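Below is one structure, written out as structure tokens; the observations come after it.
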Amino acid sequence: QQRCIDSGEIEPFRYASDDEIIEQMESSSIPLGALCESKRGVEMGKAGDVIKCPGCMRWTTPPRWPEPDKEKDCPHCDHTFEYRDRLADEQLATNDPNDGDVAYIHGDSFGARYDKLETFGLKRGYDGIRYKDESLYRGDKLFVREAGVGFTAAYDNRTAYCPRSVYVFKIRGSRSEIVENHSREDGWLSAESIPDLPEPEAFHKFLHGVMNSRLFNYYVFKRFSEVDGAQSFANLRMGQIRSLPIPIEQLATEEGESTVEAIAERVDRLREGDAELGGTVDLEIERRLLDLYGLSNDALAHVNEQMGLAAYHKKLEELYPDGQPSRPEQATEVSLSAEADD
3 QQRCIDSGEI
13 EPFRYASDDE
23 IIEQMESSSI
33 PLGALCESKR
43 GVEMGKAGDV
53 IKCPGCMRWT
63 TPPRWPEPDK
73 EKDCPHCDHT
83 FEYRDRLADE
93 QLATNDPNDG
103 DVAYIHGDSF
113 GARYDKLETF
123 GLKRGYDGIR
133 YKDESLYRGD
143 KLFVREAGVG
153 FTAAYDNRTA
163 YCPRSVYVFK
173 IRGSRSEIVE
183 NHSREDGWLS
193 AESIPDLPEP
203 EAFHKFLHGV
213 MNSRLFNYYV
223 FKRFSEVDGA
233 QSFANLRMGQ
243 IRSLPIPIEQ
253 LATEEGESTV
263 EAIAERVDRL
273 REGDAELGGT
283 VDLEIERRLL
293 DLYGLSNDAL
303 AHVNEQMGLA
313 AYHKKLEELY
323 PDGQPSRPEQ
333 ATEVSLSAEA
343 DD
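Set out below in structure tokens:
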């Protein structure tokens, strides 16, 4: 209760037994938002539905519920018009990548953990649509899906656009940029302890391994209570994602550098289909991250047990393909009764 009072945050699935693990994870880490620059993709929905404003003849997104008499305020000229009065409509996303001007990924592009992203196509050149600079979509990056239980991320190094419901995370170009964006909070790694950056491609793949780990998903579960997508619309906001812990304290050492390379190599094997989810390669990543976070095997046992509390949805099935972990033992229910005095 005191933790909730101090932080102003309600974490209903976080127990006192989790505090030591969460605090240890943070103490060896900096927030993802300090390590990476992050932005949303093209300002449109997944399908790329757009309409043309009769006031300025620029393209914009349709109203949320496009009924004929539904009003739309044009963001370009402030003209208000009914949906039926649009000059034209178009769908910018294409199922065939060859039908678009550029490659395009969206929420349906994500498969299982470590699957390569399925690519679609996107039409460009529609005046008024905020595509954003192509540099955002080039090179090494992590795409993170906003909606869905758990944490869904995928590494990609192609030039591929995405909609606003997919976040783009790219590791900053220098240590000084990371230090500048790291405002240290109590319990987190100090700016002085931030090491120089490993090679960008390997570091992005390392980050992919972190994001797909059981430890990382445990942290998301405990902090943000993403439990069962069938019962609610699960959604992770940019600010929440930027607050997640990335263990970099030991990366300045020779052993830490080799750990980055080892995790990146294992991520490659999983992405290429040369290793199985829940198999030896997958679990080697988990054990190496256990060391980077400064956690014991007892801590991992606790993590696995706590993940048994979450609904056995697609994400949990990928993390635990052999079956849902056993739930922690519950305290025996006690009923109290009192007899009234005569």
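Adding 2 to a residue's 1-based position in the sequence shown gives its number in my numbering.
Backbone N, C-alpha and C define an ideal beta-carbon position, used for all residues, glycine too.
As the structure is a computational prediction, the values presented were derived from the model and not from experiment.
Three-way DSSP call (helix, strand, coil) for residue i in this model
i	result
Q26	helix
S227	coil
N237	strand
I107	coil
K118	coil
F171	strand
Q326	coil
D158	strand
Y163	strand
F112	coil
D91	strand
P202	helix
P77	coil
P65	coil
G123	strand
P197	coil
Distance between residue j and residue i (C-alpha atoms, nearest Å)
i	j	result
V146	I265	19 Å
K316	G281	17 Å
P64	R329	46 Å
N97	Y295	41 Å
A36	I248	10 Å
E203	R268	13 Å
N237	A149	4 Å
A2	K41	There is simply no residue 2 to check, as the chain begins at 3 and stops at 344 in what is shown.
I180	D87	48 Å
S176	R239	26 Å
L94	E28	42 Å
G141	K172	9 Å
T121	Q252	36 Å
L376	D51	Coverage of the chain is limited to positions 3 through 344, which leaves residue 376 absent and any answer about it impossible.
Q242	V222	9 Å
E194	C58	52 Å
E256	E263	11 Å
G325	I250	31 Å
P68	Y85	6 Å
Residue i: CB within 8 Å of a non-hydrogen atom of the ligand GTP
i	result
A156	The ligand GTP is not among the ligands present in this structure, which contains no ligands whatsoever.
Supposed contact pair residue j and residue i - C-beta distance, whole angstroms, cut 8 Å
i	j	result
I32	H184	5 Å
K134	D103	With 8 Å as the limit, K134 and D103 do not qualify as a contact, their Cβ atoms being about 15 Å apart.
R166	G43	6 Å
L292	L217	7 Å
V168	K143	Actually they do not touch by this definition, with Cβ atoms about 11 Å apart.
F153	N219	6 Å
Delimiting residues of the beta strand (DSSP E) encompassing residue i
i	result
V146	143-147
P33	31-33
E84	82-84
K54	51-54
Limits of the alpha helix (DSSP H) - the one that residue i falls within
i	result
K72	From DSSP, K72 is part of no alpha helix (DSSP H); its letter is neither H nor E.
E39	First-last for E39: 38-42, but that is the beta strand (DSSP E), not the alpha helix (DSSP H).
E319	316-321
D135	Element bounds for D135: n/a, residue is neither H nor E.
N214	Here N214 belongs to no alpha helix (DSSP H), and DSSP marks it neither H nor E.
L302	299-309
Item to complete: Could you tell me which uninterrupted alpha helix (DSSP H) segments, each at least 4 residues in length, are contained entirely in the region 249-288, listed from first to last along the chain?
Response: 256-273
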